[in-house]
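Take 7 as the starting number for the sequence shown in the numbering used here and just add one per residue.
For glycine and all other residues, C-beta sits at the position ideal for the given N, C-alpha and C.
This report refers to the structure that appears directly beneath it.
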Amino acid sequence: MRTQHRLSVLLKAAQLARSTFFYHLARLQIPDKYAEVKVLMLRLFSEHRSLYGYRRLNELLRQCGYSHSGKTILKLMKALSLECPVRRKKYCSYRGGVNPTVANLLQRNFVASAPEEKWVTDVTEFRVGEDKYYLSAIMDLYNDEIVAWEGSQKATASLIDGMLKKAFSHLSSLSRVLLHSDQGWHYQRPYYRRQLAERGIQQSMSRKGNCLDNAMIENFFGHLKTEMFYLKTFRSVSELSAAIGEYIDFWNDKRIKMGLGGLSPVEYRTHNQIKLT
């Protein structure tokens, strides 16, 4: 419009001071000092399934050689419209109601000094249309790695037994792991308890109705649902099962955790030169 009207006329019509106009004009001509890091942020955010907030994204940038404050990264994320999903506080977790027959040996001590020292397990429920899908998983508290999982449309004993068989394939012959669960009937069956005893595995159970006693696996299920399940409408349980497998691979191999020094569970284990056999 400046080619058709004098600048003074345009400024008067816009009720804009001349100094203000030239100030913003000069700012537009200044190169964006964050241009390079913005491009990298977009790539990293996409590579990690658009799930990371500014803390994890900043950690990835640090690993790439960029040093910025959290406030700067948060500001750049807002400018780029990068938003991670907000985690829901409530989700459906399947659990039984049988009285305890096993002591709570874990006692909310979720720290392990080595792999195959402390495992936690639970079952959670998904709904796909009129169908239900149950996921049973075991987590190693050393690095929060999911060492085994099994899915089924029915919460039967075979669901737990299938997962347990996969978990046993990871155990070394000298392993003396503690396996903690809630009081579900699956975990009180003679067959289940015998399988653990034959492999020298100590069984531990939460107190009745106290989900905090098994908070780590509950936390994983919460992330799984917030970062994957709630973000998509699934057409079938087979589609959901495939997505769960992909997410668990992502969780183990790529999803960084600040508590692990900005590494993924597998990276943390291999970095410390401790490998599951």
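Cα-Cα separation between residue i and residue j, rounded to whole angstroms
i	j	result
Tyr236	Leu184	32 Å
Met211	Glu136	32 Å
Thr162	His192	8 Å
Lys149	Thr26	Reading the sequence as shown, one finds Asn at residue 149 and not Lys. Cα to Cα, Asn149 sits roughly 55 Å from Thr26.
Gln208	Leu177	14 Å
Leu274	Ala249	As written in the sequence, residue 274 is Tyr, which differs from the Leu given in the question. Those two C-alpha atoms are separated by around 24 Å.
Asp38	Val45	12 Å
Ser73	Gln159	47 Å
Gly206	Ser181	8 Å
Lys214	Arg261	32 Å
Ala258	Pro271	Strictly speaking, residue 258 in this sequence is Asn, with Ala absent from that position. Cα to Cα, Asn258 sits roughly 5 Å from Pro271.
Met234	Leu165	22 Å
Residue i burial status per 10 Å Cβ neighbour count (16 or more: buried)
i	result
His186	buried
Met264	exposed
Glu53	exposed
Gly190	buried
Leu48	exposed
Thr130	buried
Thr62	One detail in the question is off: residue 62 reads as Arg in this sequence, not Thr. Arg62 should be labelled buried.
Leu170	buried
Tyr197	exposed
For residue i: DSSP bridge partner residues
i	result
Gly59	For Gly59, which the question treats as bridged, DSSP gives no partner whatsoever.
Gly157	Leu141
Ile152	Met145
Val134	Asp137
Lys18	The partner list for Lys18 (beta bridge, DSSP) is empty, contrary to what the question assumes.
Lys263	Leu269
Helix, strand or coil at residue i [DSSP, three-state]
i	result
Asp128	strand
Glu204	helix
Leu269	strand
Lys171	helix
Ser187	strand
Leu88	coil
Pro196	helix
Asn64	helix
Thr276	helix
Can you give, in chain order, each stretch of the alpha helix (DSSP H) that sits fully within the region 210-261 and has at least 4 residues? 221-233 and 243-259, all fully within the region 210-261.
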